[in-house]
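The sequence shown maps to residues 1 to 245 in the UniProt record's numbering. Shown next, in structure tokens, is the structure this report addresses.
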Amino acid sequence: MRIDIATLFPEMCDRVLNESIIGRARRQGLFEVHCHNIRDYTLSKQKRVDDAPYGGGMGMVMQADPIYRCYEAIWKQVGMHPHVIYLTPQGKTFTQQKAVELKEMDNLLLLCGHYEGVDERVLQEIVDEEISAGDFVLTGGELPALMVADSILRMLPGVLSDEECYTEESHYNGLLEYPQYSRPAVWHGREVPGVLLTGHHANIAKWRRERSLERTFQKRPDMLERAPLDKKDRAYLKKLREEAE
């Protein structure tokens, strides 16, 4: 897989993507990530990539041409049109399900906006979809782009030690993750649940499933409307609702 990030701050993106598990996997060549400075593609001697908005108003707007030239250069390197995602508060909120969908693609281009946004015409020309990190506004699209890249890359083969490292996590199966514990067995008078010490895999799996349902019911009940639930799950949720009344 290859991910390209078009940004005004490529060094910032590279620093993050060179750290921790993602950085190690990147050095091992398990995927490709390239961070491109949009300023390198402007024809302005001053390296300007923005201008005042037509119609007046506060702030500046990123110009269409430098972004398009960056996109063209990436297209030539890849040999095909990459799937272009614009990071914007106006996009659909990013989810784990979307990350799973995107990890099946060969080439992604993440476009980071700045200032008052990007000239609408280049968005119409090249962007395939818009994604938001949430209902809030940041100074630029770099942090959302890094979040999207990290969530996708960590699921690629070989990045994590085992597929279960992400399939058991919150949101992957439509529920929040169950509580986790490590040594010591007793800390500040708080004990690890006894079932986790038994080695009985079926009982542990049952306990974890019930805790996932319980946490989701308490913290994110909206997720239960979309989660894949079986008869045992629904019976347990019915019990939780009765206890809560």
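Think of the CB as a built atom: it goes at the ideal place given N, C-alpha and C, for glycine as much as any other residue.
Nearest candidate by alpha-carbon position, reference residue i, set the options
i	options	result
Asp4	Ile22, Gly29, Ser20, Asn37	Asn37
Met58	Leu109, Glu116, Thr88	Glu116
Glu242	Glu72, Tyr86, Glu214, Gly140	Glu214
Gly174	Pro53, Val49, Asp222, Asp50	Asp222
Asp150	Phe31, Val186, Leu8, Thr7	Phe31
Val127	Gly158, Leu160, Val100, Glu72	Glu72
Met12	Glu210, Gly23, Lys239, Cys35	Cys35
Lys103	Leu143, Met155, Gly194, Gly91	Met155
Lys232	Glu210, Lys219, Arg220, Arg226	Glu210
Arg121	Tyr236, Ile67, Ala52, Ile21	Ile67
Gly141	Val100, Val186, Gln90	Gln90
Contacting residues, own chain, Cβ-Cβ under 7 angstroms from residue i (five flanking each side not counted)
i	result
Arg27	none
Asn107	Arg2, Val78, Met80, Pro82, His83
Val16	Leu146
Gly134	Thr93
Strand pairing of residue i, partner residues [DSSP]
i	result
residue 246	The question about residue 246 has no answer here: the residues shown for the chain are numbered 1 through 245.
Ala6	His36, Leu111
Asp51	Val61
Exposure of residue i, with buried meaning 16 or more beta-carbon neighbours within 10 Å
i	result
Pro10	buried
Phe136	exposed
Met105	exposed
Tyr178	buried
Val33	buried
Thr198	exposed
Val61	buried
Ala244	exposed
Pro144	buried
Rounded Cβ spacing between residue i and residue j (contact assumed at less than 8 angstroms)
i	j	result
Asp119	Gln63	6 angstroms
Leu159	Ala25	First, the amino acid is wrong: residue 159 is Val here, not Leu. At roughly 4 angstroms, the Cβ-Cβ gap stays under 8 angstroms, so Val159 and Ala25 are in contact.
Residues of its chain near residue i, where Cβ-Cβ distance is below 6 angstroms and the 5 sequence neighbours each way are ignored
i	result
Leu43	none
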